[in-house]
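Same order as they appear, the protein sequences are chains A and B.
Residue numbers for the first sequence, in our numbering: 1 to 268.
Residue numbers for the second sequence, in our numbering: 1 to 202.
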Amino acid sequence: MKLSRRRILKTGAALASAALGANLLSRAPALGGSGSQAPEPATAYDWTKHDWAFAVDTTKCIGCGLCLQACKLENNVPRSPEYNRTWVERHTTTEDRKLVVDSPEGGIEGFPAQPPVNGSKVTKSFFVPRLCNQCENPPCVAVCPVSATYKTKDGVVLVDQKRCIGCGYCVVACPYGARYLVPRGDRTPTGNPGVADKCTWCYHRITRGLAPACVEVCPVQARIFGDQRDPESPVSKTLATKRVQVLKPELGTKPRVYYIGLETDVRQ
Amino acid sequence: MKRATDLASRLRAGVKALAAIAALAVALFIGQAVFSSLADDYGFHPKKNAQAWASLTPRYADSAVCEGCHEGEYASTSSGAHRSIACESCHGPQTAHATEDAPATDLANEELCVRCHEAVVGRPAAFPQQDVVAHFYEWSCSQCHDPHSALAFGPPPVPHPLDKLPECRVCHGAEGMKTAPASHVFGSSDICLTCHRVPEGN
Numbered sequence: 001m002k003l004s005r006r007r008i009l010k011t012g013a014a015l016a017s018a019a020l021g022a023n024l025l026s027r028a029p030a031l032g033g034s035g036s037q038a039p040e041p042a043t044a045y046d047w048t049k050h051d052w053a054f055a056v057d058t059t060k061c062i063g064c065g066l067c068l069q070a071c072k073l074e075n076n077v078p079r080s081p082e083y084n085r086t087w088v089e090r091h092t093t094t095e096d097r098k099l100v101v102d103s104p105e106g107g108i109e110g111f112p113a114q115p116p117v118n119g120s121k122v123t124k125s126f127f128v129p130r131l132c133n134q135c136e137n138p139p140c141v142a143v144c145p146v147s148a149t150y151k152t153k154d155g156v157v158l159v160d161q162k163r164c165i166g167c168g169y170c171v172v173a174c175p176y177g178a179r180y181l182v183p184r185g186d187r188t189p190t191g192n193p194g195v196a197d198k199c200t201w202c203y204h205r206i207t208r209g210l211a212p213a214c215v216e217v218c219p220v221q222a223r224i225f226g227d228q229r230d231p232e233s234p235v236s237k238t239l240a241t242k243r244v245q246v247l248k249p250e251l252g253t254k255p256r257v258y259y260i261g262l263e264t265d266v267r268q
Numbered sequence: 001m002k003r004a005t006d007l008a009s010r011l012r013a014g015v016k017a018l019a020a021i022a023a024l025a026v027a028l029f030i031g032q033a034v035f036s037s038l039a040d041d042y043g044f045h046p047k048k049n050a051q052a053w054a055s056l057t058p059r060y061a062d063s064a065v066c067e068g069c070h071e072g073e074y075a076s077t078s079s080g081a082h083r084s085i086a087c088e089s090c091h092g093p094q095t096a097h098a099t100e101d102a103p104a105t106d107l108a109n110e111e112l113c114v115r116c117h118e119a120v121v122g123r124p125a126a127f128p129q130q131d132v133v134a135h136f137y138e139w140s141c142s143q144c145h146d147p148h149s150a151l152a153f154g155p156p157p158v159p160h161p162l163d164k165l166p167e168c169r170v171c172h173g174a175e176g177m178k179t180a181p182a183s184h185v186f187g188s189s190d191i192c193l194t195c196h197r198v199p200e201g202n
């Protein structure tokens, strides 16, 4: 009796491994095929050797919107203003201490000379570039029912758009509004309509040693990027020398995007 | 006798237990091997999907790539106030142009000058901004400014029909192209015209 039970267990284990192995094999070609057009895939890249971070200097941003334009061109983001991987807001305080935030079409065409303050006197005003914070503790990953969204070992949150079922939980879970669902009929960088998409810090660029597209085109270096393991990288130097804050620190998400020159109202 | 049987059965039980533990260890070892390879797909860090993202093609090349053919423009840009601006900030993504010899899809135009240099509420005070209406008349930016070096090389000969020009001080004021001596008072053009005449033939 005992022997037969052991045999059953053994047979079961063998069958299970065989089934899992077959599954693995059948899965592999599909995934391998998705990135086959690249001329120089970053094969030498080791994600355990990097720790990416991003800094935004709001004291430098001029609200020109070149970052949005570059992001959309680089990453096939739909042109309509409601779909953005990054955007820019203008936070304006008026004489009567009212706060006005404007972001026409995310700021992709720049900003009008005057904020919408109905003629009130402006006492201060500045631009805030926004993007995915690539949280250390990401709520979007926690809520995904099919584990399609995940953290890479070098500090980026990505979406497996072949697994994503487009339920939109991650879109509502993100406290920073950094995600969107690709409209039906449109295509994501990895080829699927209807699924979740978000900033990847241009994962295809950073793994080749290039800066994300928005950082590359920013004319005033308001966007700063680099590897925290390299003390000479722009972001390491910034974090070492500047006073920085993160957005919504009370949520415990541990963002990897650090801001210079924020106001309380922006942070929360 | 009873003792011996007892001992023997205990031994047998011990051997069985050891065998069970060994079997479990082997099963765990195999399982771990299988699952760790599955983790590439289904684990907390699906490596294969990350590789798929990493293998997408960049559309923005890098200024270093541009320098290979456009040395003059590159040198001129890196010597002036526009030195921190990447080529593709103004010219748009050029990987296709650089690698496949596709024609450059150039996004650069003079609206870009205005996009950055128009006086807009919210811009840092130190950033060079212009009241575009007062500063710009009917020429293009590049008639007076080189977009690469960001240097103003002086205006072309300017016809002076006063009804079509901005106030005198725009060009002849303290920050103008052809500055009048500092002793001058800069007010409306009417003040200038009390002493100065519009050049003849214009």
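Built from N, CA and C at the ideal position, the CB exists for glycine as well.
Item	Value
Test item: CB-CB of Leu158/A and Tyr60/B under 9 Å	no
C-alpha gap between Ala64/B and His160/B, whole angstroms	44 Å
Straight-line gap, Tyr258/A to Glu136/A (C-alpha atoms, nearest Å)	13 Å
Beta-carbon contacts of Lys153/A that lie in its chain and below 6 Å, excluding the five residues immediately before and after	Trp47 and Thr48
Range of the contiguous beta strand (DSSP E) that encloses Val143/A	From DSSP, Val143/A is part of no beta strand (DSSP E) but of the alpha helix (DSSP H) over Pro139 to Val143.
Neighbourhood of Pro212/A by C-beta, 7 Å cutoff - its chain only, sequence neighbours within 5 removed	Trp201, Cys202, Arg205, Ile206 and Phe225
Identity of the residue in Ala152/B, Ser189/B, Met177/B and Ala119/B nearest Pro112/A by Cα	Ala119/B
Given 8 Å, three or more beta-carbon pairs between the stretch 167-186 of chain A and the stretch 127-142 of chain A	yes
Minimum Cβ-Cβ distance from Lys248/A to chain B less than 9 Å	no
Contact belief for Cys67/A with Arg223/A at Cβ below 8 Å, rounded distance in angstroms	7 Å
Distance, Val235/A Cα to Phe54/A Cα	6 Å
Positions along the stretch 110-129 of chain A whose CB lies within less than 8 Å of some CB in chain B	Gly110, Phe111, Pro112, Ala113, Gln114, Pro115, Val122, Ser125, Phe126 and Phe127
Expected contact under 8 Å - CB spacing of Thr92/A and Val128/A to nearest Å	Contact doesn't hold; Cβ gap of about 11 Å is too wide.
9 Å Cβ cutoff, Ser84/B in contact with chain A	yes
Start and end residues, beta strand (DSSP E) containing Asp197/A	Ala196 to Lys198
Exposed unless 16 or more other CB atoms sit within 10 angstroms - verdict on Gly33/A	Legend: pLDDT at Gly33/A = 31, less than 50; position of this residue unreliable, value from coordinates given subsequently. Looking at its Cβ environment, which holds fewer than 16 other Cβ atoms inside 10 Å, Gly33/A is exposed.
As assigned by DSSP and simplified to three states, the class of Ser188/B	coil
Start-end ranges of the beta strand (DSSP E) lying completely within the stretch 195-249 of chain A, minimum 3 residues	196-198 and 223-227
Simplified DSSP assignment, three categories, for Thr48/A	helix
Assumed close pair Lys178/B, His184/B - CB separation to whole angstroms, cut-off 8 Å	That belief does not hold up - the Cβ atoms of Lys178/B and His184/B are roughly 12 Å apart, past 8 Å.
8 Å Cβ shell around Gly168/A - same chain, five flanking residues per side excluded	Leu181 and Ala196
Status (buried if at least 16 other CB within 10 Å, exposed otherwise) for Val146/A	exposed
For Thr86/A and Ile260/A, believed in contact at Cβ under 8 Å, the rounded distance	Contact doesn't hold; Cβ gap of about 17 Å is too wide.
contact_flag[the stretch 123-135 of chain B, the stretch 99-112 of chain B] where n(CB pairs < 8 Å) is 3 or more	no
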